[in-house]
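Enquirer:
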Amino acid sequence: MRLINSPYAMLLVAQRLEGPFNIESVMEPIDVKISEAIMNMQDNSVQVSYRVFQGCGQPKPSGMGGRSTRGVSDVFNARFRPYSPEERPTTAAGTSLDRLVIDIKEKLKLFKKLWSNLPEDICQPHRVTAGNATDDDQCWNGHTKGRYFPEVMKDGLTNQVNNPEVGVDITRPDTFIRQQIMALRVMTNKLKNAYNGNDIYFQDSSDEGSGSGSGSGCTEACVTEFDFASTEAPVVGADRSGSGPVEDSAAATHPAPSAALLASLALSVLALHRLWR
118 MRLINSPYAM LLVAQRLEGP FNIESVMEPI DVKISEAIMN MQDNSVQVSY RVFQGCGQPK
178 PSGMGGRSTR GVSDVFNARF RPYSPEERPT TAAGTSLDRL VIDIKEKLKL FKKLWSNLPE
238 DICQPHRVTA GNATDDDQCW NGHTKGRYFP EVMKDGLTNQ VNNPEVGVDI TRPDTFIRQQ
298 IMALRVMTNK LKNAYNGNDI YFQDSSDEGS GSGSGSGCTE ACVTEFDFAS TEAPVVGADR
358 SGSGPVEDSA AATHPAPSAA LLASLALSVL ALHRLWR
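When you read off a place in the sequence shown, starting at 1, and then add 117, the result is the number in this note's numbering.
1) Just how far apart, CA to CA, sit Arg295 and Glu153?
2) Does the distance from the CB of Tyr312 to the CB of Leu129 come in under 9 Å?
3) Looking at the strands, I want to know which residues DSSP matches up with Trp257.
4) How many whole angstroms separate the CB atoms of Thr288 and Ala126, which I take to be in contact at a CB cut-off of 8 Å?
5) With a threshold of 6 Å on Cβ separation, who are the neighbours of Leu274 within its own chain once the five nearest residues in sequence on each side are excluded?
6) Look at the alpha carbon of Tyr167 and the alpha carbon of Pro178, and state the distance between them as a whole number of angstroms.
7) Cα-Cα, which of Glu135, Gln171, Gln277 and Glu237 is closest to Ser213?
8) Rounded to whole angstroms, how far is the Cβ of Met270 from the Cβ of Asn279, which I believe are closer than 8 Å?
9) What separation, rounded to the nearest whole angstrom, lies between the Cα atoms of Cys256 and Pro281?
10) Where does Met395 fall in DSSP's three states?
11) If you compare alpha carbons, which of Cys173, Asp215 and Asn234 is closest to Arg133?
12) Taking the continuous alpha helix (DSSP H) assigned at Asn306, which residues delimit it?
13) Give the straight-line distance between the Cα atoms of Val149 and Met299, rounded to the nearest whole angstrom.
14) Compute the Euclidean distance between the alpha carbons of Lys307 and Glu145, then round it to the nearest angstrom.
15) From the DSSP output, in three-state form, read off Lys230 for me.
16) For Leu134, name the three-state secondary structure that DSSP assigns.
Here is the structure:
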């Protein structure tokens, strides 16, 4: 419930579509900006040409006197299509992005605390039950219309152990519910990354939490490419040429490396040698 009632990530993303971040307010005057840039360049054509010739040198004549010049209309007709405001979709609410963002924010605020406030709202007038709101006998107690006599439990999974209305075993969490919680957290992280201007699959290492794993997506039964199934070589005893017990203890302390480990080291050295070349 705390995860659901936390500040909606969609509201944060909606804020990025308002004001100076609105894509419509950015793209709508772009034609005027381009026209102003062209006029500014024409007004300063002498200075611009001087700096271009100074940096790039004087242009050489091409010697193509017979080259035909194309009109401006031909170039633009081949690459661009004239803008027609009438082609924009028209609805009763308008086509402005601001209207859509405001509408979405208002709807999200209505549903923000829907589930946590449901027990209090169910007995309010003009909601679910009719009659006086202070009359508890007109409410639904879970079995019939009447007063609710058992003790009202607090929010949270652990507080539902003594709740007669909820059949839940806190020692065995529901796998389906856990999957839904994980999916909700993944979607929330994507929206927060979009709000912060990061890639939606960006993983923030500053998030609180703990865990273990290689991150390769494999389970414990999966062998990754860096997990070498190596076994220690048996300790070879002293030969019969009279070597002392010191050699035996050294061999027992430092077992011989496996062939897979030696092969991996050789491949690593070869790769580094190619990079240095």
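Ideal placement from N, C-alpha and C gives every residue a C-beta, glycine not left out.
Quick caveat, the model's predicted, so the values are computed rather than measured.
Expert: Taking the geometry as given:
1) 57 Å
2) yes
3) Lys262
4) That pair is no contact at about 32 Å.
5) Ile287
6) 17 Å
7) Glu135
8) 7 Å
9) 18 Å
10) A query on residue 395 cannot be resolved here, the shown segment of the chain reaching from 118 to 394 and no further.
11) Asp215
12) Thr292 to Tyr312
13) 47 Å
14) 28 Å
15) coil
16) coil
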